[in-house]
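Q:
Okay, structure coming up:
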């Protein structure tokens with residue numbers, strides 16, 4: 008049986024931070040001063056030898072994560088890499104890196120999720136149809152129909168004519184969702200693709216930041232959440248927030264850092280108290296801390312009209328216990344230590360969250 012989880016949060020903020028962020032509506036956005044103008048992406052000239060070496064090192068890092076695959080599958084992934092490397096030869100990203108570093112990064116994320124060899128091959132090849140003149144028939148011949156179908160499901164409809172960008176985007180999403188219905192690996196690869204693109208968005212022309220970030224926040228982040236990919240979900244939200252509202256993000260980040268330094272001793276005190284209480288009760292427990300993401304804090308402030316000081320769950324703990332019944336026993340121990348906040352107790356074991364999460 009999987010371990011069960013009991014989350015709980017620290018008490019309310021100290022009053023010292025109450026005035027730090029009072030009126031979210033008064034925030035004024037301005038683009039980061041350090042943002043630099045990007046180089047032209049995917050140029051015709053070959054990358055610098057040092058950049059090519061970096062790409063080789065990236066693939067070496069990828070192969071080190073493939074120990075969960077059999078040797079024959081690793082060789083298939085290697086062949087897909089060689090094909091993609093040749094197909095993207097001479098193309099560079101806006102950062103100046105060889106374009107192949109992007110498919111490698113996407114495949115590396117998929118490897119973190121322990122996806123199979125076909126998914127990793129598709130991740131490496133996902134831009135081949137779109138940017139390199141490779142045909143679907145060629146992919147079928149070299150790598151098989153399943154891999155070609157995955158790549159095709161990830162390919163935008165740029166070759167067709169649409170009256171507006173919005174029509175193009177809508178049809179591309181429709182195509183991706185239909186492909187996802189047939190094979191969930193499509194959306195997993197797409198999430199890995201989007202996460203790497205968001206990490207490197209500062210190299211893209213600034214006039215594209217808002218559109219890409221809004222799309223990420225409104226479409227890809229919720230999908231990641233629904234699939235239970237919480238790390239990617241939080242990262243996509245925070246990165247989107249950084250580009251949509253850079254000044255708000257910087258201000259909240261500074262407030263969180265200030266709160267973290269002020270509450271370091273309290274966090275350690277709570278951790279020790281909880282650990283001691285469960286030791287005395289003779290109960291096995293693993294304690295994990297968590298910090299609420301900057302975007303989650305911002306969203307809560309907006310939705311509930313709160314100041315930063317009124318957000319009471321910025322820091323929290325998760326208690327991982329062996330069984331479901333131990334969750335309720337653990338809850339009793341916690342209630343003996345700390346008084347529950349009226350109206351704030353939620354039983355997500357009895358009533359799961361919409362994405363299936365229970366604790």
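In my numbering, the protein residues as written are 8 to 366. Note that the Cβ used here is the ideal one computed from N, Cα and C, for glycine as well.
What are the uninterrupted segments assigned as alpha helix (DSSP H) that are 4 or more residues long and contained completely in the segment 73-125, given in chain order?
A: 78-94, 108-119, all fully within the segment 73-125.
Q: Let me know the secondary structure DSSP gives residue 326 once reduced to three states.
A: Here residue 326 sits in strand by DSSP.
Q: Just the Cα atoms here: how many angstroms apart are residue 231 and residue 237?
A: Whole-angstrom Cα-Cα distance: 7 Å.
Q: Return helix, strand or coil for residue 294, following the three-state DSSP convention.
A: Three-state DSSP puts residue 294 in a strand.
Q: Report buried or exposed for residue 321, applying the criterion of at least 16 other Cβ atoms within 10 angstroms of its Cβ.
A: Buried, by the Cβ-count rule.
Q: At 4 residues or longer, and completely inside the segment 186-239: list those alpha helix (DSSP H) runs for me, N to C.
A: Runs of the alpha helix (DSSP H) inside the segment 186-239: 192-206, 216-222, 228-233.
Q: So what does DSSP say about residue 346, is it helix, strand or coil?
A: Three-state result, residue 346: coil.
Q: Roughly how many whole angstroms lie between the Cα atoms of residue 245 and residue 104?
A: Cα to Cα, the separation comes out at about 24 Å.
Q: Thinking just about the alpha-carbon of each residue, which of 142, 144, 83, 194 is nearest to the one in residue 160?
A: With distances taken between Cα atoms, residue 160 lies closest to 194.
Q: What do you reckon, are the CB atoms on residue 199 and residue 116 nearer than 7 Å?
A: In this structure, residue 116 lies closer than 7 Å to residue 199 by Cβ.
Q: Check residue 160 in the structure and name its three-state DSSP category.
A: Residue 160 falls in the helix class under three-state DSSP.
Q: Out of 106, 361, 178, point me to the one whose CA is closest to residue 234's CA.
A: For the residues 106, 361, 178, the minimum Cα distance to residue 234 belongs to 361.
Q: What separation, rounded to the nearest whole angstrom, lies between the Cα atoms of residue 204 and residue 336?
A: Looking at the two C-alpha atoms, the distance is approximately 44 Å.
Q: Please check the pair residue 131 and residue 101, which I expect to be a contact at CB under 8 Å, by giving their CB distance rounded to whole angstroms.
A: Actually they are not in contact, since the Cβ atoms of residue 131 and residue 101 sit about 20 Å apart, beyond 8 Å.
Q: From residue 147 to residue 129, what distance separates their C-alpha atoms?
A: Roughly 12 Å between the two C-alpha positions.
Q: So, at 8 Å on beta carbons, what are the nonlocal neighbours of residue 81 in its own chain, with the 5 sequence-adjacent residues on each side left out?
A: So the list reads 70, 73, 124, once near-sequence residues are dropped.
Q: Looking at residue 88 and residue 99, is the spacing between their C-beta atoms short of 7 Å?
A: Cβ atoms of residue 99 and residue 88: not closer than 7 Å.
Q: Can you have a look at residue 349 and say buried or exposed, based on whether 16 or more other CB atoms are within 10 angstroms of its CB?
A: With fewer than 16 other Cβ atoms within 10 Å, it is exposed.
Q: Take residue 183 and list the residues in its own chain whose beta-carbon comes closer than 8 Å to its own, dropping the five residues that flank it on each side.
A: If we look at residue 183 and ignore the five residues flanking it on each side, its Cβ neighbours are 160, 161, 193, 194, 197.
Q: Please state if the CB of residue 150 and the CB of residue 111 are separated by a distance shorter than 7 Å.
A: Cβ distance not < 7 Å, so residue 111 and residue 150 don't count as in contact.
Q: Is DSSP giving residue 274 helix, strand or coil here?
A: Reduced to three states, the DSSP call for residue 274 is helix.
Q: Please work out which residues of its chain come closer than 7 Å, Cβ to Cβ, to residue 127, disregarding the five sequence neighbours upstream and downstream, and give them in chain order.
A: Cβ neighbours of residue 127 beyond the five flanking positions: 84, 114, 117, 118.
Q: Does the segment 215-222 come within contact of the segment 274-291, defined as at least 3 CB pairs closer than 8 Å?
A: Touching, no, given that fewer than three Cβ pairs across the two stretches are closer than 8 Å.
Q: Leaving aside the five residues before and after residue 141 along the sequence, list all residues of the same chain whose C-beta is less than 7 Å from its C-beta, in chain order.
A: If we look at residue 141 and ignore the five residues flanking it on each side, its Cβ neighbours are 94, 135.
Q: Pull up the CB-CB distance for residue 327 and residue 301, whole angstroms please, since I reckon it's below 8 Å.
A: In fact, because the Cβ distance is near 25 Å, the residues do not count as touching under 8 Å.
Q: Sort 154, 137, 290 by Cα distance to residue 86 and report the nearest one.
A: Closest by alpha carbon: 154.
Q: Could you tell me the distance, in whole angstroms, from the CA atom of residue 282 to the CA atom of residue 133?
A: For residue 282 and residue 133, the distance between alpha carbons rounds to 47 Å.
Q: Can you tell me whether residue 266 is buried or exposed, with buried defined as 16 or more other CB within 10 angstroms of its CB?
A: Counting Cβ neighbours within 10 Å, residue 266 comes out buried, since at least 16 surround it.
Q: Return helix, strand or coil for residue 364, following the three-state DSSP convention.
A: Coil, per DSSP.
Q: Locate the alpha helix (DSSP H) running through residue 310, then write down its first and last residues.
A: First-last of the alpha helix (DSSP H) with residue 310: 301-311.
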